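Chains as they are written, first to last, in the working numbering: chain A, 1 to 203; chain B, 204 to 406.
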């Protein structure tokens, strides 16, 4: 099995942390340089027509793209050390949080970066006003998350889950947007320090 | 069990179609008027702090929001008639398509509507240029989807899945953006006619 990725990008890091938490190590990683367009070749678009990383390539050649779909594959293969829940209600609750983190935190973070930095301006149309609006949404969400974490050890409650991985990678990636946890967010800071200290955070 | 929804909105329709496909009927629906702000009350924000519909309320009072998390709950409770796959690779492949439809079709569709129509202008900042950029992305995605459906009966391959439900609801909701399938997209049209003819489409 191979994973095509770019080590500094947030989505590949989500997969690496997920695999580290599950103790899965027998994966070959292929590094692509996205700014150089390594993902825009005809060969790579055969693996993922949307030209995004990460992509998991199985030994039979079948490719799975989309971070959470790749995580799902490994979760289903290795049900021990669950990161997506076991019972129906646990699975639903974790998926709810995972998606809220994605829609209200991860996606605005990526769009804020792309629309204000000009990083991919050769292949998209940056709209600065939209990037700034995303920045406002990110800060608003962090405020809500701080309140939520006052009475919850982890994002989805008592157990560490894929939702914490998504939130950690989003928080760290916000360095590119010059957004960080502020002094008025002690619960967010407590959670951040705790999940950052897990060995998987270095994956 | 209760589901809080607004019947004409696309996310609640995704859940209704999902439940119809699985033959689940014993649900009470509570209609909210979003434009009137029924979702902005303190009571509703207890159920979902993000004030979105649909929300599933269980008999014990626990609430699950996020369309796909609600679907996951029912999928796990009723594994017969699977709409999210059975084997690890089927689950991963369906989730990949489901997410691609969401990120590259459903989300731009919603943002195109919100940023160009002014529908929620009392509670968000519409940026017309961003709405128009979303329109461009939608049309580009429909072109790719048409090609994909030339050699695939359904979005995720041979079996009808949650990805088809998301795509159908997105396609229909695009009426508000005046976007429809054009004559150069016969495979998309073939798929659309087929999934629209399923009894669940009327749910």
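All residues carry an ideal CB built from backbone N, CA and C; glycine is no exception.
These numbers were taken from a predicted model, which means no experiment stands behind them.
Three-way DSSP call (helix, strand, coil) for residue i in this model
i: residue 81 of chain A; result: coil
i: residue 255 of chain B; result: coil
i: residue 322 of chain B; result: coil
i: residue 45 of chain A; result: helix
i: residue 64 of chain A; result: strand
i: residue 3 of chain A; result: strand
i: residue 260 of chain B; result: strand
i: residue 353 of chain B; result: coil
i: residue 131 of chain A; result: helix
i: residue 157 of chain A; result: strand
Contact set between residue i and chain B, taken where Cβ atoms lie within less than 7 Å
i: residue 259 of chain A; result: An answer regarding residue 259 of chain A cannot be provided, because it is not within the stretch 1 to 203 covered by chain A.
i: residue 158 of chain A; result: The premise fails here: residue 158 of chain A is roughly 14 Å from chain B at the closest Cβ pair, so nothing lies under 7 Å.
i: residue 140 of chain A; result: What residue 140 of chain A touches in chain B: nothing, since even the nearest Cβ is about 11 Å away.
Cutoff 8 Å; reference residue i; Cβ partners in own chain excluding five residues on either side
i: residue 21 of chain A; result: 81, 83, 160, 165, 198, 200
i: residue 91 of chain A; result: 84, 85
i: residue 58 of chain A; result: 1, 64
i: residue 277 of chain B; result: 221, 222, 225, 227
i: residue 124 of chain A; result: 114
i: residue 108 of chain A; result: 134, 135, 137, 138, 141
Own chain, CB closer than 6 Å to residue i, minus 5 neighbours either side, in chain order
i: residue 219 of chain B; result: 406
i: residue 408 of chain B; result: Missing from the structure shown is residue 408 of chain B; chain B here goes from 204 to 406 and no further.
i: residue 213 of chain B; result: 372, 376
i: residue 334 of chain B; result: 315, 318, 319
i: residue 321 of chain B; result: 329
i: residue 387 of chain B; result: none
From the options, residue whose alpha carbon lies closest to that of residue i
i: residue 292 of chain B; options: A/78, A/90, A/92; result: A/78
i: residue 113 of chain A; options: A/135, A/92, A/189; result: A/135
i: residue 394 of chain B; options: B/332, B/349, B/321, B/383; result: B/349
i: residue 30 of chain A; options: A/193, A/116, A/8, A/110; result: A/8
i: residue 121 of chain A; options: A/6, A/35, A/180; result: A/35
i: residue 97 of chain A; options: B/320, B/270, B/295, B/303; result: B/270
i: residue 100 of chain A; options: B/215, B/241, B/254, B/361; result: B/254
i: residue 336 of chain B; options: B/318, B/326, B/327; result: B/318
i: residue 27 of chain A; options: A/1, A/47, A/109; result: A/1
i: residue 126 of chain A; options: B/216, B/236, B/332; result: B/332
i: residue 275 of chain B; options: B/217, B/326, B/321; result: B/217
i: residue 33 of chain A; options: A/194, A/196, A/12; result: A/12
i: residue 209 of chain B; options: B/389, B/257, B/305; result: B/257
Same chain, Cβ closer than 7 Å to residue i, neighbours up to 5 away in sequence not counted
i: residue 297 of chain B; result: 287, 288, 359, 364, 365, 366
i: residue 308 of chain B; result: 341, 344, 370, 373
i: residue 391 of chain B; result: 345, 348, 349, 352, 384
i: residue 76 of chain A; result: none
i: residue 196 of chain A; result: 168
i: residue 102 of chain A; result: 166
Neighbouring residues, chain A, relative to residue i (Cβ below 7 Å)
i: residue 271 of chain B; result: 95, 99
i: residue 347 of chain B; result: 49
i: residue 324 of chain B; result: Simply none; closest approach about 13 Å.
Proximal residues of chain A, C-beta to C-beta of residue i below 9 Å
i: residue 291 of chain B; result: 72, 73, 74, 75, 76, 77
i: residue 406 of chain B; result: Simply none; closest approach about 20 Å.
i: residue 370 of chain B; result: Per Cβ cutoff of 9 Å: no residues; residue 370 of chain B is ~15 Å from chain A at best.
Chain-ordered chain B contacts of residue i [CB-CB under 9 Å]
i: residue 133 of chain A; result: 327, 328, 330, 333
i: residue 106 of chain A; result: Correct list: empty, because the minimum Cβ distance to chain B is about 11 Å.
i: residue 2 of chain A; result: None at all; the shortest Cβ gap to chain B is about 15 Å.
i: residue 81 of chain A; result: None at all; the shortest Cβ gap to chain B is about 16 Å.
Contacts of residue i in chain A (Cβ-Cβ under 8 Å)
i: residue 245 of chain B; result: Result: empty, since nearest Cβ-Cβ is about 15 Å, beyond 8 Å.
i: residue 400 of chain B; result: Chain A residues near residue 400 of chain B: none, gap ~28 Å exceeds 8 Å.
Chain B contact residues for residue i, given Cβ-Cβ distances below 8 Å
i: residue 9 of chain A; result: The premise fails here: residue 9 of chain A is roughly 15 Å from chain B at the closest Cβ pair, so nothing lies under 8 Å.
Report yes or no: do the stretch 80-89 of chain A and the stretch 135-153 of chain A share at least 3 C-beta pairs separated by less than 8 Å? Proximity of the stretch 80-89 of chain A to the stretch 135-153 of chain A falls short of the contact definition, fewer than three beta-carbon pairs being nearer than 8 Å.
Mind the definition here: the stretch 240-252 of chain B touches the stretch 50-68 of chain A only if three or more C-beta pairs lie below 8 Å; say whether that holds. Touching, no, given that fewer than three Cβ pairs across the two stretches are closer than 8 Å.
Contact the stretch 167-182 of chain A vs the stretch 22-34 of chain A: 3+ CB pairs below 8 Å: Taking 8 Å as the limit for Cβ pairs, the verdict is that the stretch 22-34 of chain A does not touch the stretch 167-182 of chain A.
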